[in-house]
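Some notes on the structure that comes next.
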């Protein structure tokens, strides 16, 4: 029997670019959420604020907090950081998911989109 050769189509440059852009957006948003999560852990654990790593995370977390640093103002500093930075971290994850989903829906052909579910109709 003769074997049939399969023809594999390579995605176009646009499709590759959109996939790479989506991956970069995901990576940045997850990184920002991770920084906020680490900041929460450092504050809850009463980390030494004079430590260089703790200062770096503090400065970064200020920059990526989406302006939510004083949204909740309970008396406890630790609870304040948990609520405000926790909300910002969740929002970064949501923002990343929404942006990559919209980018895929707008810029990719149907056959190259991420598929989260398949609806099948059987007769």
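Numbering (our numbering), first residue to last: 85 to 207.
Every residue, glycine too, gets a C-beta built ideally from N, C-alpha and C.
Computed from a predicted structure; not experimentally measured.
Distance check for residue j and residue i, CA to CA, integer angstroms please.
| i | j | result |
| --- | --- | --- |
| residue 136 | residue 96 | 45 Å |
| residue 119 | residue 141 | 6 Å |
| residue 172 | residue 112 | 14 Å |
| residue 208 | residue 163 | This structure gives no information on residue 208, because the portion of the chain shown stretches from 85 to 207. |
| residue 132 | residue 155 | 25 Å |
| residue 73 | residue 175 | Outside the shown range of the chain, which is 85 to 207, sits residue 73, and nothing can be said about it. |
| residue 129 | residue 151 | 24 Å |
One question on the structure: do residue i and residue j come within less than 7 Å of each other, judged by their Cβ atoms?
| i | j | result |
| --- | --- | --- |
| residue 183 | residue 99 | no |
Taking its Cβ as the centre, do 16 or more other Cβ atoms sit within 10 Å of residue i, making it buried, or is it exposed?
| i | result |
| --- | --- |
| residue 149 | buried |
| residue 116 | buried |
| residue 180 | buried |
| residue 145 | buried |
| residue 178 | exposed |
Along the alpha helix (DSSP H) that carries residue i, what are the first and last residues, could you check?
| i | result |
| --- | --- |
| residue 101 | 97-128 |
| residue 145 | 136-147 |
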